[in-house]
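K.L.:
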Amino acid sequence: MEPWPLRNLVLRTQRLELRPDDDYGLHQLIEVARAGIHPPEYMPFDIPWTDAPDAELGLNTLQFYWSHRAQLRLDNWHLHFLIRLDGKVIGEQAVHGRDFAVTREVSTGSWLGREFQGHGYGTEMRAAVLAFAFDHLGAVQARTSAYVDNEASLRVSRSLGYVDDGTMRDSRRGEPAVQLRMLVTADRFATFRPRWKLDVEGIDECLPLLIA
Ligand SMILES: CC(C)(COP(=O)(O)OP(=O)(O)OC[C@H]1O[C@@H](n2cnc3c(N)ncnc32)[C@H](O)[C@@H]1OP(=O)(O)O)[C@@H](O)C(=O)NCCC(=O)NCCS
Numbered sequence: 002m003e004p005w006p007l008r009n010l011v012l013r014t015q016r017l018e019l020r021p022d023d024d025y026g027l028h029q030l031i032e033v034a035r036a037g038i039h040p041p042e043y044m045p046f047d048i049p050w051t052d053a054p055d056a057e058l059g060l061n062t063l064q065f066y067w068s069h070r071a072q073l074r075l076d077n078w079h080l081h082f083l084i085r086l087d088g089k090v091i092g093e094q095a096v097h098g099r100d101f102a103v104t105r106e107v108s109t110g111s112w113l114g115r116e117f118q119g120h121g122y123g124t125e126m127r128a129a130v131l132a133f134a135f136d137h138l139g140a141v142q143a144r145t146s147a148y149v150d151n152e153a154s155l156r157v158s159r160s161l162g163y164v165d166d167g168t169m170r171d172s173r174r175g176e177p178a179v180q181l182r183m184l185v186t187a188d189r190f191a192t193f194r195p196r197w198k199l200d201v202e203g204i205d206e207c208l209p210l211l212i213a
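Quick note: the sequence shown, position 53, residue 54 per our numbering, numbers continuous.
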């Protein structure tokens, strides 16, 4: 019996490989974050974790991902897929399910190192986890949110069929800011999904951890 079947889960797209986080990959992810995710004057995240001093960023990052790994439960799970291009980590794509067996809803969040942005990878990795959630977990809808000025993130969502689903007002670096909530159903994704087929390995042993 494999105690952590997520270590054998792999999603493959045309260009990318997505695997749940492991310590070796997290150390590479920290280097990607250190090299920069966004211009210093712009904050795309509701938790401004990239504002941490360089000396703290690494440990904070490890502890954040470890805590989600340690707290994985059927009624509240976070999967953090490390994104690899030609074997090298370039970012991460998170998928969260709360009471998933009942709600059949997931939410997502993601980022890429700056040098890897603008090449379509963000769209490809989001499409990958949507296909995973809809086709392999039986999700009926997926949601996400982004600040209204985060053009790249909103365009990824729109191009995959998400529709606007209201707004949220929060504090960004101490200033009021508005996030757009976005929602896509399995039916809508079916008409927007890319043509390539997602290759999924190692899912069967993971299902008892994610679906009742
Ligand atoms: C958001 C993010 C994951 C998108 O990934 P990406 O690989 O850069 O996006 P893609 O190359 O797939 O492009 C998606 C769309 O956004 C557009 N786009 C990309 N970068 C853009 C930018 N800086 N400004 C405006 N539009 C942009 C692309 O033209 C494309 O539009 P289209 O579908 O209409 O052709 C990535 O930009 C990122 O990590 N940003 C910083 C962190 C972040 O904002 N995370 C999300 C928090 S909600």
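Every residue, glycine too, gets a C-beta built ideally from N, C-alpha and C.
Compute the beta-carbon to beta-carbon distance between E18 and N9, rounded to the nearest angstrom, for a pair I have assumed lies under 8 Å.
P.N.:
The pair is not a contact, with the Cβ atoms about 13 Å apart (cut-off 8 Å).
K.L.:
So, under 8 Å CB-CB, E96 and A147 are touching, yes? Tell me the CB distance rounded to an integer number of Å.
P.N.:
According to the sequence as given, residue 96 is Val; it is not Glu. With a Cβ gap of about 16 Å, V96 and A147 do not count as contacting.
K.L.:
Under 8 Å from any heavy atom of ligand 1, does the C-beta of S108 make it?
P.N.:
No, ligand 1 has no heavy atom inside 8 Å of this Cβ.
K.L.:
Might you give, ordered along the chain, the residues of its own chain that have their beta carbon closer than 7 Å to the beta carbon of L184, omitting 5 neighbours on each side?
P.N.:
Excluding sequence neighbours, L184 sits near Q142, R144, Y163, V164 and D166.
K.L.:
Just to confirm, are I212 and L75 a CB contact at a threshold of 9 Å?
P.N.:
Yes, Cβ-Cβ distance for I212 and L75 is below 9 Å.
K.L.:
T109 and L131 - do their beta-carbons sit closer together than 9 Å?
P.N.:
Taking 9 Å as the Cβ cut-off, L131 and T109 qualify as a contacting pair.
K.L.:
P45: beta carbon under 8 Å from a heavy atom of ligand 1?
P.N.:
Yes.
K.L.:
Using a Cβ-Cβ cutoff of less than 6 Å, which residues in the same chain neighbour R99 once the five nearest sequence positions on both sides are dropped?
P.N.:
N77.
K.L.:
Does DSSP put G98 in a helix, a strand or coil?
P.N.:
Note: G98 maps to strand in three-state DSSP.
K.L.:
Taking the continuous alpha helix (DSSP H) assigned at L17, which residues delimit it?
P.N.:
Taken as a continuous stretch (DSSP letters only), L17 belongs to no alpha helix (DSSP H), being part of the beta strand (DSSP E) at L17 to P21.
K.L.:
Spatial neighbours of R170 within its chain, please: C-beta separation below 7 Å, excluding the five flanking residues on both sides.
P.N.:
If we look at R170 and ignore the five residues flanking it on each side, its Cβ neighbours are P177 and V179.
K.L.:
With distances taken Cα to Cα, identify the nearest neighbour of W67 among A56, G119, H81 and P54.
P.N.:
Measuring from the Cα of W67, the nearest candidate turns out to be H81.
K.L.:
Does the Cβ of L161 have 16 or more other Cβ atoms within 10 Å, making it buried, or fewer, making it exposed?
P.N.:
L161 comes out buried.
K.L.:
What's the C-alpha gap between R13 and D47?
P.N.:
Rounded to the nearest angstrom, the two C-alpha atoms are 29 Å apart.
K.L.:
Can you give me the C-alpha to C-alpha distance between S154 and F190, rounded to a whole angstrom?
P.N.:
Whole-angstrom Cα-Cα distance: 17 Å.
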